[in-house]
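Each residue of the sequence shown is one higher than the one before, starting from 3 at the first, in our numbering.
Heads up, the thing below is written out as structure tokens.
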Amino acid sequence: MVKTVSPLPPNYLINTNIWSHLQRRTTQALIIRFAALNHGQAFMSPVVLGELETGFQKGDQAPYRRLALDQIYASCQMLTVNRQVAVEYARLRSLLEQGGTPIGPNDTWIAAEALHHKLVLVTDNVREFSRVPGLKVENWL
């Protein structure tokens, strides 16, 4: 008897714009999709954390917004930038610039992390990230 092994479910790197939609709770389908993830499937980049915190600092800094951010941080695993991610960033940046299709520096870091960790990037910015060869991208909005 041959046993079939189901593939592991994918893991996801969630981009800033998706976290923002989740925080505002404006898209019911997104909330349902996120709630269906298994524990440990959602990851956050420190770049995304910085972008979310910048939005908080520039905004009204209401306690409910801090609580929402803290809940987001608790719902995912935080990545770190290490040497391998930095090398992937340099490779991607060079490749995209030489090809005349650069993306923003923060997005290059996020793409490098997704590629290095073999994560599917969930973003509403598919147009920009589609320039990155080999990057798996999904838009849940």
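Each residue gets a CB set at the ideal place from its N, CA and C atoms; glycine is no exception.
Here the structure is a predicted model, which is why all the values come from computation and not from measurement.
Around the beta carbon of aspartate 62, fewer than 16 other beta carbons lie within 10 angstroms, which makes this residue exposed. Judged by DSSP in its simplified three-state form, isoleucine 34 adopts helix. With a threshold of 16 other beta carbon atoms within 10 Å, leucine 121 meets it and is buried. Straight across, the Cα-Cα distance linking serine 22 with leucine 54 is about 8 Å. Under DSSP, the beta-bridge partners assigned to isoleucine 16 are Val124. Annotation for alanine 44: the continuous beta strand (DSSP E) segment containing it runs 44-46.
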